[in-house]
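Participant:
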Amino acid sequence: MATPWKAVSTRATTPLIYFVLMILWEAGVRLFHIPGWMLPAPTAIIAIAKEWAPELLYNSCITVQETIIGFVLALVLSLPLAVIIAFTSTTRRLLYPILLGLQSIPKVALAPLVILWLGIGNWPKIVIVVLVCFFPILVNVVAGFEAVPKPMLDLMYSLRASKLAVFRRLRAPIATPHLFTGCKVAITFAVIGAVIGEFVAAQEGLGYMILMSTAQSQTPLAFAAIILLTVISVVLFHAIEILERKLVTWRP
Amino acid sequence: MKAERPAAITSSAAGTNADGARSDGAPAIELFGVTKNFGRGQEIVRALGPIDLAIESGSFVSIVGPSGCGKSTLLRLIAGLEKPTDGRLRRYGAELDGPSREVGIVFQDHVLFPWASVLENVMLPADVLSLPKAAALERARWLLELTGLKDFTEHKPHMLSGGMKQRAAFCRAVLADPQLLLLDEPFGALDALTREELSLELSRLWQNLGRTALLITHDIGEAILLGDRIIVMSDRPGRIRLDMRVDLPRPRDVNTAKDPRFIEIKQTARDLIFTRERN
Numbered sequence: 001m002a003t004p005w006k007a008v009s010t011r012a013t014t015p016l017i018y019f020v021l022m023i024l025w026e027a028g029v030r031l032f033h034i035p036g037w038m039l040p041a042p043t044a045i046i047a048i049a050k051e052w053a054p055e056l057l058y059n060s061c062i063t064v065q066e067t068i069i070g071f072v073l074a075l076v077l078s079l080p081l082a083v084i085i086a087f088t089s090t091t092r093r094l095l096y097p098i099l100l101g102l103q104s105i106p107k108v109a110l111a112p113l114v115i116l117w118l119g120i121g122n123w124p125k126i127v128i129v130v131l132v133c134f135f136p137i138l139v140n141v142v143a144g145f146e147a148v149p150k151p152m153l154d155l156m157y158s159l160r161a162s163k164l165a166v167f168r169r170l171r172a173p174i175a176t177p178h179l180f181t182g183c184k185v186a187i188t189f190a191v192i193g194a195v196i197g198e199f200v201a202a203q204e205g206l207g208y209m210i211l212m213s214t215a216q217s218q219t220p221l222a223f224a225a226i227i228l229l230t231v232i233s234v235v236l237f238h239a240i241e242i243l244e245r246k247l248v249t250w251r252p
Numbered sequence: 253m254k255a256e257r258p259a260a261i262t263s264s265a266a267g268t269n270a271d272g273a274r275s276d277g278a279p280a281i282e283l284f285g286v287t288k289n290f291g292r293g294q295e296i297v298r299a300l301g302p303i304d305l306a307i308e309s310g311s312f313v314s315i316v317g318p319s320g321c322g323k324s325t326l327l328r329l330i331a332g333l334e335k336p337t338d339g340r341l342r343r344y345g346a347e348l349d350g351p352s353r354e355v356g357i358v359f360q361d362h363v364l365f366p367w368a369s370v371l372e373n374v375m376l377p378a379d380v381l382s383l384p385k386a387a388a389l390e391r392a393r394w395l396l397e398l399t400g401l402k403d404f405t406e407h408k409p410h411m412l413s414g415g416m417k418q419r420a421a422f423c424r425a426v427l428a429d430p431q432l433l434l435l436d437e438p439f440g441a442l443d444a445l446t447r448e449e450l451s452l453e454l455s456r457l458w459q460n461l462g463r464t465a466l467l468i469t470h471d472i473g474e475a476i477l478l479g480d481r482i483i484v485m486s487d488r489p490g491r492i493r494l495d496m497r498v499d500l501p502r503p504r505d506v507n508t509a510k511d512p513r514f515i516e517i518k519q520t521a522r523d524l525i526f527t528r529e530r531n
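Rendered as structure tokens:
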């Protein structure tokens, strides 16, 4: 009898803590008469979210779309590059320092330039998402390709395995958990990238909604949008984690 | 009930007969004045040699020495994973140029791929060397049965005990039926009981396979129990201090260790190792 109760209680702990915090928040706002434009109460946020539900949903879709397209593009671009870097020492020597240098640029600082070059629309936001996702994936995958234990390499060399065989049989499987680490970092960055893009220039998306509603002192709506962004971020992160658990069943 | 031994999966290399022994009688391994230095500039350290050695085809040779004496380096040189600083190595009469498909290695730490099943791990040489799949699979299953891993073929390595991992590593090393088997402290990571059990099992397997084997170990008893010949190495830089035939009957078992001749050989080797040369 004790075990199922324990399982339920551990599962319920986190929602319960959230619930208690909400109540404290609500009580605090009411008790200290905090004005709604500064910090709206949870009930006020829920009320406005209901009212604006179609707009919130539509703009969420826009932001999610930018995030996912940008993330997938970054994946498609960084994987072949990581393979090239791992495969040939010349490209690694030439390309890798440049890429590591570029990685140091705060990508969000490039957002106004990207808008300048690509105008208003979905593409500049997608490009910003690609920029922020690209490096975490690339750097982790390259590190993964190189994280091969020496005895395993010796084993492959002792069989006179070709570079391709070493890659397929050894480097690629070793790099898979690293790829997922990179993806998990990248997907969180991706949401940030999309919002930054929408901040700089946009007519839709949750970032745009936050900007508009705060400009009009519609703070509860901004809060609703922020909460939705958080939910999107968490859901995308967990989607990758579930995929990882399905694909990486081994332990080192 | 043991499975029938499947036919060899590789077409025998030129110059070998059905038993895998070279018809021309060249030794499996020959070393002439081989040395190995590590480091560069002022920091050069001689790790090994000079060593002259010949290992006859079909024999089981144990090399025993204190840790850090360069015995593993010696194995890596013979495997072709490293080049000597000086001297020449020959394998079956031919100059050695890098690793060969005719050499199987069992490493100290099993080196199984954690993402692959036991069977996939054992089949690795077949994939890399593009051996005929069906025949390789048949041999893999035969080897796994022989080593008692028949019921674990689909398990991932982390689900196996240390001894089972090393058995799987052994199956992988002999899958392509190599002429020469190199064993680099294969029982080093195991507990004493598993060690003894596995070394006797290896001895039987080796007799079954009939190939040349070279064992590196720091355990004198193990070296004698398994070997037709034991070679005792000195401290760094490793050189040969004793090269002795082990004239104990086969098959050997736990009682071999009680044989007076075994004790005598062991004593000779121990005395040599513990009374180190001093300049």
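Protein sequence lines, in the order shown, are assigned to chains Z and E. All residue numbers in the first sequence are consecutive under our numbering, ending with 252. All residue numbers in the second sequence are consecutive under our numbering, ending with 531. Ideal placement from N, C-alpha and C gives every residue a C-beta, glycine not left out.
#1: Which chain E residues sit within Cβ distance under 9 Å of residue 147(Z)?
#2: When Cβ atoms are compared, which residues of the stretch 229–243 of chain Z fall closer than 9 Å to chain E?
#3: Taking the continuous alpha helix (DSSP H) assigned at residue 290(E), which residues delimit it?
#4: Are the stretch 502–514 of chain E and the stretch 333–353 of chain E touching, with three or more C-beta to C-beta distances below 8 Å?
#5: Counting only the same chain and skipping the five closest in sequence on each side, list residues whose C-beta sits under 8 Å from that of residue 147(Z).
#6: Can you give me the start and stop residues for the beta strand (DSSP E) that residue 207(Z) sits inside?
#7: Helix, strand or coil, according to DSSP, for residue 248(Z) in the structure here?
#8: May I ask which residues mark the beginning and end of the alpha helix (DSSP H) holding residue 356(E)?
#9: Go ahead and label residue 418(E) buried or exposed: buried means 16 or more other beta carbons lie within 10 angstroms of its beta carbon, across all protein chains shown.
#10: Any idea which residues DSSP pairs residue 494(E) with across the strands?
#11: Within 8 Å of any Cβ in chain Z, is that where the Cβ of residue 441(E) sits?
#12: Quick one, which of 153(Z), 200(Z), 150(Z) and 123(Z) has its alpha-carbon nearest residue 70(Z)'s?
#13: Does the stretch 472–492 of chain E come within contact of the stretch 318–329 of chain E, defined as at least 3 CB pairs closer than 8 Å?
#14: Using a Cβ-Cβ distance cut-off of 8 Å, determine whether residue 498(E) contacts chain Z.
#15: To which residues of the same chain is residue 171(Z) closer than 7 Å at the C-beta, ignoring the five residues directly before and after it?
#16: Does the CB of residue 169(Z) have a neighbour CB from chain E at under 8 Å?
#17: Since residue 329(E) and residue 286(E) are thought to touch, with beta carbons under 8 Å apart, how far apart are those beta carbons, to the nearest angstrom?
#18: Check whether the Cβ atoms of residue 433(E) and residue 388(E) sit closer than 8 Å, and answer yes or no.
#19: Alpha carbon to alpha carbon, how far is residue 333(E) from residue 436(E)?
#20: Applying the criterion that 16 or more other CB atoms from any shown protein chain within 10 Å of the CB defines a buried residue, is residue 478(E) buried or exposed?
#21: Just to make sure I have the definition right: I need the residues of chain Z whose C-beta is within less than 8 Å of the C-beta of residue 351(E). Which are they?
#22: Please classify residue 51(Z) as buried or exposed, where buried requires at least 16 other C-beta atoms within 10 Å of its C-beta.
#23: Which term fits residue 67(Z), buried or exposed, when burial requires 16 or more other beta carbons within 10 angstroms of its beta carbon?
Facilitator: From the atom records:
#1: One finds nothing in chain E with a Cβ atom closer than 9 Å to the Cβ of residue 147(Z); even the nearest lies about 13 Å away.
#2: Listed in sequence order: no entries.
#3: Per DSSP, residue 290(E) lies in no alpha helix (DSSP H) segment; the continuous beta strand (DSSP E) that holds it begins and ends at 281–290.
#4: No: the two stretches stay apart, fewer than three of their Cβ pairs being nearer than 8 Å.
#5: Cβ-Cβ distances below 8 Å link residue 147(Z) to 174, 175 and 178 in the same chain, with the five nearest sequence neighbours on each side left out; the list follows chain order.
#6: According to the DSSP assignment, residue 207(Z) belongs to no beta strand (DSSP E) but to the alpha helix (DSSP H) extending over 206–215.
#7: Three-state result, residue 248(Z): coil.
#8: Boundaries for residue 356(E): no alpha helix (DSSP H) harbours it, while the beta strand (DSSP E) harbouring it runs 355–358, taken from the DSSP string.
#9: So residue 418(E) counts as buried.
#10: Beta-bridge partners assigned by DSSP to residue 494(E): 484(E).
#11: Chain Z contact via Cβ: absent.
#12: Ranking the options by Cα distance to residue 70(Z), first place goes to 123(Z).
#13: Segment contact: the stretch 472–492 of chain E against the stretch 318–329 of chain E, three or more CB-CB distances shorter than 8 Å; contact assigned.
#14: Residue 498(E) does not count as touching chain Z.
#15: Same-chain partners within the cutoff: 86, 145 and 148.
#16: The C-beta of residue 169(Z) comes closer than 8 Å to at least one C-beta of chain E.
#17: 6 Å between Cβ atoms; contact.
#18: In this structure, residue 433(E) sits away from residue 388(E), with a CB-CB distance that is not shorter than 8 Å.
#19: Using only the alpha carbons, I get a separation of about 13 Å.
#20: With 16 or more Cβ atoms within 10 Å of its Cβ, residue 478(E) is classed as buried.
#21: Neighbours of residue 351(E) on chain Z, chain order: 157, 158, 159 and 160.
#22: It counts as exposed.
#23: The residue is buried, with at least 16 neighbouring Cβ atoms inside 10 Å.
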